[in-house]
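First up is the structure itself, then whatever we jot down about it.
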Amino acid sequence: MEEKLITIVTLPYSTAHILKMRLEAENIACDLENINLIEGATSSTVRVKILEKYIEKSVPILEEILGVKPFIEETKTEKKERHILVPVDFLVHSEKACKMAVNIAGQLHTKLILMHCYINPVIHSIPFSDIYAYDSSLLAKMEYSEENANKEFQKFVTKMSKEIGVERWKSVAPEFIIKSGYPDDDILAFAGKYHSQLIVMGSGGSNSPYGTLGSIAADIMYNSPVPVLIVPEATAEETLNNFSNVLYATNFDEKDFATLDRLMLLLKPFKIKLKCVHVGQPHGDGWDMARLEGMKDVLHEKYKGFEFQCHLIVGRDILESLENYMKEEKVDIISLTTHKRNMITRLFNPSLAKRMVFHTKTPLLVFQG
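Numbering-wise (the working numbering), the sequence shown opens with residue 696 and increments by one.
Here is the structure:
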């Protein structure tokens, strides 16, 4: 019976050629389809094909070269223990995110997974054109990148264990993932596949090896299937270990109570004081205050023993009004949902999103509606 050839990925010729060399080095026969060689020119894209029996063996090589797994349909949903995912790049904001994540994981009795994605020199040295001269030093560069990432990861873990305390560190049963690839894609893929309870990541480092981590944090915030807590570099140390004042920005959406249920489930062990805040326009019709009072009554009835306040802020600029309120009330965390198109669209259009993620000193907890 003839063995079946399977297309595992479609790539630019230059990238496909590198993949072919790596596959054949592992004794995996590989064919490149749709190549037109005319005086050294190549087609823009080619299909990489291998025998069906080699698919499982080829996956680690594809991850190494491309930083992501190929699309192979899965028949089973993989499960993982309850955990908080913490992407790190070893800078100060990652240290603060890690400390806050340990605090939350300890209260929720869940484990911690630290993840670092390092830049793959193969991916970032591929030219846009189809004419490519193979760089024989690429494999050595890949090995160096991996070795350096592992060393930095070990230093980071040692430092965190020492600063947090060995016993407390061990209590969250930390696991570590290190791989080449693109941080935003890999973080979102992992959180979705393994159903992370929460993603906790830092923001504000201009020297991040990822580029600007704030932009990655914003991308993950918009697209994550799970709640995301973004910890700015300027977050006060005391907030990392002891927070209680939480602000929830509402625009009276029907999903607000569902989001508040998720927020309370996540932060209930901290005995938080929740402030539900709405930013209204001057000369409103009075309904905003009535809605806030109704929200407060429902929350008091549902979560007895917890302190709730509902405030109406009058202002034309939502972000400025929230920032002023947070300073006056000494808010530790601001929370909101991305489902709401009204207030959230105004609050998180590109320019305002940058201001919130890059410049606020207050951790931002985002839920998806």
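The beta-carbon is built from N, C-alpha and C at its ideal position, and this holds for glycine as well.
- Look at histidine 995 here: in three-state DSSP terms it is helix.
- Taken through DSSP and simplified to helix, strand or coil, phenylalanine 1003 comes out as strand.
- Listed in chain order, the beta strand (DSSP E) elements of length 3 or more contained wholly in the segment 931 to 996 are 940 to 944 and 968 to 975.
- Collapsing the DSSP output to three states places serine 866 in a helix.
- Beta-bridge partners assigned by DSSP to tyrosine 813: Ser875.
- Judged by their CB atoms, isoleucine 1013 and methionine 1021 are not nearer to each other than the 8 Å cut-off.
- By the criterion of a C-beta distance shorter than 7 Å, lysine 997 is surrounded by no residue of its chain, once the five residues flanking it on both sides are discounted.
- Taking glycine 975 as reference, the option from Asn946, Phe952 and Gln892 with the minimal CA-CA separation is Asn946.
- Around the beta-carbon of valine 941, 16 or more other beta-carbon atoms lie within 10 Å, marking it buried.
- With the rule of 3 Cβ pairs closer than 8 Å, the segment 857 to 867 does not count as touching the segment 879 to 896.
- The closest CA to that of proline 1058, considering only Leu1007, Lys950 and Thr930, is found on Thr930.
- Under the three-state reduction of DSSP output, glutamate 698 falls in the coil class, being neither helix nor strand.
- For leucine 786, there is no enclosing beta strand (DSSP E), as DSSP marks it with neither H nor E.
- Per DSSP, reduced to three states, the secondary structure at threonine 805 is coil, with no helix or strand assignment.
- For isoleucine 723, there is no enclosing alpha helix (DSSP H), as DSSP gives it neither H nor E.
- For serine 919, no beta strand (DSSP E) encloses it, and the DSSP letter there is neither H nor E.
- When the Cα atoms are used, methionine 896 and phenylalanine 1003 turn out to be separated by approximately 27 Å.
- Around the beta carbon of tryptophan 864, 16 or more other beta carbons sit within 10 angstroms, so the residue counts as buried.
- With fewer than 16 other Cβ atoms inside 10 Å of its own Cβ, alanine 720 counts as exposed.
- For serine 891, there is no enclosing alpha helix (DSSP H), as DSSP marks it with neither H nor E.
- DSSP, read as helix, strand or coil, puts valine 1026 in coil.
- Across the structure, isoleucine 701 and aspartate 881 are spaced so that their CA atoms are roughly 25 Å apart.
- Lysine 715 and isoleucine 750 have their C-alpha atoms some 14 Å from each other.
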